[in-house]
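Novice: Please find one structure pasted underneath; my questions will follow.
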Amino acid sequence: MCIEPKAWAVEADVGSRGSTEKKFVNSKVMTRQTYTLDGIAGSLSNNGKITFSEEEGIDYAATTVQLPGGERVPFLFTVKNLVAQGTGGSFKPGFQMGGSFKTPSYRTGLFLDPKGRGGTTGYDMAQALPGTQGGVEGGDEMFKENNKTFDVTDGKIEFEVNKVNEANGEIGGVFVATQLSDTDMGSKVPKKILSKGIFFAHVE
């Protein structure tokens with residue numbers, strides 16, 4: 006399977022007439038064309054409804070999008086451990102399937118921030134600021150910066166088939182996925198990302 010996103014939106018607080026509400030705001034991708042997931046393989050089962058279980062492939066891509074105000078939002082576009090259940094027992098135009106997947110941390114434990122702090126290596130705290138890490142005001146924010154975590158969150162994706170080539174065993178269609186953005190290893194609140202695009206798959 007190959008999954009190519011075409012549009013992204015980020016959930017943000019939008020002000021209108023003195024009040025704010027959460028809406029998905031269209032964003033611009035800042036990553037070069039390395040955000041397509043390719044070579045994704047898995048197993049199919051059919052007990053009246055087709056179920057696809059993802060097992061391997063290039064199933065993640067580090068991606069960054071930019072909001073209209075200039076804020077950049079990094080996230081790991083992925084379908085790791087996807088289990089998608091279909092609405093029927095055969096692939097045909099209009100067939101839908103969807104399910105949940107796992108979104109690993111954007112950065113691994115070996116990543117070091119500008120002050121040399123990391124999840125599994127590096128300093129335990131900012132060496133130049135020891136006096137601000139003893140429970141004083143702002144200590145919670147400093148603790149989150151020091152205490153690096155590898156966050157794994159859940160995402161959801163829905164597929165709809167609109168083309169079927171039975172002779173070659175190929176299907177194609179569109180998808181919509183939602184997931185959370187990067188937490189900067191636990192120090193930031195993640196944003197919800199909405200991705201839309203196309204997919205192609207070869208069925209054996």
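So in my numbering, spot 171 of the sequence shown is number 176, and the numbers just go up one at a time.
Note that CB positions come from ideal geometry on N, CA and C, so glycine has one too.
Could you tell me whether the Cβ atoms of K201 and A67 are closer together than 7 Å?
Specialist: In this structure, A67 does not lie closer than 7 Å to K201 by Cβ.
Novice: Measuring only the C-alpha atoms, how far is G104 from R22?
Specialist: Their Cα atoms are separated by approximately 38 Å.
Novice: With a floor of 4 residues, list each alpha helix (DSSP H) that falls wholly inside the region 84-122, ordered by position along the chain.
Specialist: For the region 84-122, not a single whole alpha helix (DSSP H) run of length 4 or above is found.
Novice: Measuring alpha carbon to alpha carbon, tell me which residue in S24, S58 and P109 is nearest D189.
Specialist: Of S24, S58 and P109, the residue nearest in Cα terms is P109.
Novice: Is the distance from the Cβ of I198 to the Cβ of V15 below 7 Å?
Specialist: The answer is yes: Cβ separation under 7 Å.
Novice: My guess is that F106 and G160 are in contact by the Cβ rule of under 8 Å, so how many angstroms apart are they, rounded?
Specialist: Sure, about 5 Å apart at Cβ, within 8 Å.
Novice: Quick check on DSSP: helix, strand or coil for E171?
Specialist: Residue state, collapsed to three classes: coil.
Novice: Is L42 closer than 7 Å to I55 when the C-beta atoms are compared?
Specialist: No, these two residues do not count as a Cβ contact at 7 Å.
Novice: What does a CB cutoff of less than 6 Å around T69 pick up in its chain, not counting 5 residues either side in sequence?
Specialist: So the qualifying residues of the chain are M35, T36, R77 and P79.
Novice: Beta-carbon within less than 7 Å of G53's beta-carbon, same chain only, minus the 5 sequence neighbours each way: which residues are those?
Specialist: Closer than 7 Å at the Cβ level, and outside the excluded window around G53, lie G94.
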